[in-house]
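A quick write-up on the structure given underneath.
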Amino acid sequence: MSRVEKILSEIDILVRSRYPLIYILSHEEHRIEKLISRMIKNQKKAFKVWSVTSGLKDYKYHIDVEEEKNDVIETNPIFTDPLELLEHIIKNDEATLFLLKDFHAFLDDFTVIRKLRDAVYKLNASYKNIIIVSPVLKLPEDLQKEICLIDFPLPDHLEIFDLLRDVAKDLKQTNSKLVNLNKEDGLALAKAAQGLTLFEAENVFSKAVVIDSVLDKRDLDLILKEKQQIVRKSGILEYYPSTSNIDDLGGQTKLKKWLSLRGKALFSEEAKKFGIPSPKGILLLGPPGTGKSLTAKAISNFWKLPLLKLDFGKIFSGLVGSSEENMRTAIKTAEGLAPAVLWVDEIEKGLSGEKGGKSDGGTSARVLGTFLTWMQEKESNVFVFATANSIDCLPPELLRKGRFDEIFFLDLPSNKEREEIVKIHLTKRKRDFKIFDLQLLSEKSKGYSGAEIEQSIIEALYNAFYEQRELNTNDIAEALKIMVPLSTTHAETIKGLREWAQTRARMAA
Ligand SMILES: Nc1ncnc2c1ncn2[C@@H]1O[C@H](COP(=O)(O)OP(=O)(O)O)[C@@H](O)[C@H]1O
Ligand SMILES: [Mg+2]
């Protein structure tokens, strides 16, 4: 059963068990309408759809495309007023499923809320139900207990494939040369468009035809690129190019081993059959500069999965949408793009509002709650890769067992690890590490993070370049000497973090 089918069957059960009020969060009212009409086809129930412009109408399943486009033009709309509509719903005796669009726009009006509440009580255990479909989340406090909220997933590749077939059919009618796809190509294009709404997918397919006058398998790249653009425009999630390799990370051998072990079983059907539960994610904790972000950047290459960066800060920024909607949209998009790794860098930064407590009316607590519940119940193939530099702002719920598969602590590198890090960064800059005294450099960089060691090598390069000679061990030793590492300036913080981690996290090295 696909995720969409699962949610539809959930809605079906709610409707059959006479649940009066369901709120579906989605940008795709046309798609929802169609899916719901299909869902209740076999029930003895009328299906009526309401919008401000069209009023209340019987939904016709077999409307052709033209008629659908003319949807808004209605000569004699009835019950366009929300109060009249609700009155009608209360009085009407026929078993009916009412699907209301635009209704969220009226949920600021107390009279409407009151009337809706009246309706809910009257409808309870009747054969009438109301479904509100809305792209925004607006649950009036007074109705929270009465509403069942459903976050509707984006279309999966089979749904997009159906759309693609319709698009192709239309194009072929105009000109048979416009499409050149077999089923396999079609499925590949549909998969590439996964993560988009049906509307967005349709636009992308149209664009692919316009650009070179044919829709064929060569459009795969274009579709992927368009998708990345659309995802980025949403402003919260971002495709992150795989810029690093796991070999760029010195030391942390236990972490690397774990990642390679888990990688083998990740999202595989075989592993599932073997009894391995679906993975949730990992939290990397440690002082700044110990390679946490580097590991995240390398993971997509390592596991051959797309890396999606979730900006927790932007969720709360108020620049786009409400925080809670943003979180839900981000989750929905990530699930649409699955299998994927969802990278939440410096998770504590986004959550710092939490520390202040009630200052934001509980918004950050709710948003975090949404995220945590999702992580807990997650069945989709999204692996959460979180990093944190400190635990001060992290709520205990986040660290509780069952959220992450593992919490790893990345400490400052040991003697041997520092040697390895120096090696990696010399090699990266095309130097032969054999002519450097690695042991000495490792000694001189005691207490330095990987990032600080890298910085010192860069500093040394500048100095040697200035003096127009080749880099040597002494340059790096000097640069190390001048730098004051964080472990000196923030000794107490790091000590605290280490102590906390000793009993609660696994050591990465
Ligand atoms: N263990 C390491 N091995 C090699 N390079 C490292 C290591 N740790 C840090 N670095 C270097 O420092 C840079 C910054 O580290 P980063 O991963 O951003 O640290 P963090 O996210 O833990 O604060 C990395 O891109 C890498 O070049
Ligand atoms: Mg980082």
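The sequence shown begins at 687 in this note's numbering and counts up one residue at a time.
Yeah, the Cβ is synthetic: ideal placement off N, Cα and C, and Gly gets one too.
Cβ atoms of R1014 and L1058 stay farther apart than 8 Å, at about 13 Å.
With contact defined as three or more Cβ pairs closer than 8 Å, the segment 937 to 949 and the segment 880 to 895 are not in contact. When secondary structure is reduced to three states using DSSP, S1135 falls in the coil class, being assigned neither helix nor strand. For the pair K919 and F1122, the Cα-to-Cα distance works out to about 47 Å. Residue range 796 to 809 is occupied by the alpha helix (DSSP H) that includes Y807, with no beta strand (DSSP E) assigned at that position. Following the DSSP letters along the chain, one finds I722 inside the alpha helix (DSSP H) bounded by residues 715 to 725. Around the beta-carbon of I1107, 16 or more other beta-carbon atoms lie within 10 Å, marking it buried. Collapsing the DSSP output to three states places F1057 in a helix.
Relative to ligand 1, the beta carbon of G977 is positioned inside 7 Å of a heavy atom. DSSP lists no bridge partner for Q1154. Given a length threshold of 4 residues, each whole run of the alpha helix (DSSP H) inside the segment 887 to 921 is given here in chain order: 906 to 919. Between K787 and V822, the C-beta gap is not smaller than 8 Å, which leaves the two residues out of contact. Per DSSP, reduced to three states, the secondary structure at V735 is strand.
Counting along the chain, A854 sits inside the alpha helix (DSSP H) bounded by residues 843 to 860.
Shown here, I818 sits in a strand according to DSSP, grouped into three states. Per DSSP, reduced to three states, the secondary structure at E832 is coil, with no helix or strand assignment. Proximity of the beta carbon of A1137 to ligand 1 is indicated: a heavy atom of the ligand is located closer than 7 Å. If you check the CB distance, M1061 and K966 come in under 8 Å. Nearest C-alpha to K734 among L1054, T782, L901, L1172: T782. For D698, the enclosing alpha helix (DSSP H) starts and ends at 689 to 702.
Taking the Cα of V917 as reference, the smallest distance to any Cα among N868, E696, E1011, G1022 is reached at G1022. At a cut-off of 7 Å, the beta-carbon of P1171 does not count as near ligand 1: no heavy atom of the ligand is closer than that. The segment 826 to 835 makes no contact with the segment 861 to 870; the number of CB pairs closer than 8 Å stays below 3.
Taking the Cβ of N987 as the reference point, every heavy atom of ligand 1 lies at 7 Å or farther away. By the 16-neighbour rule on beta-carbons within 10 angstroms, G936 is buried. In this chain, A1187 is not harboured by any beta strand (DSSP E); it is covered by the alpha helix (DSSP H) spanning 1177 to 1190.
In this structure, the alpha-carbon of E1010 lies about 8 Å from that of T1056. Taking a contact as a CB-CB distance under 8 Å, the pair L707 and V806 counts as one, their CB atoms being some 5 Å apart. According to the DSSP secondary-structure assignment, D837 is paired through a beta bridge with L711. Between D1097 and G975 a beta carbon distance of about 12 Å is seen, past the 8 Å cut, so the two are scored as non-contacting. According to the DSSP assignment, V1027 belongs to the beta strand (DSSP E) that extends over 1026 to 1030.
Beta-carbon to beta-carbon, V690 and P841 are separated by about 7 Å, close enough to satisfy the 8 Å threshold. The way I'd put it, the segment 1155 to 1163 doesn't touch the segment 1064 to 1083; fewer than three beta-carbon pairs between them come closer than 8 Å. For G741, there is no enclosing alpha helix (DSSP H); the residue is part of the beta strand (DSSP E) that begins and ends at 741 to 744.
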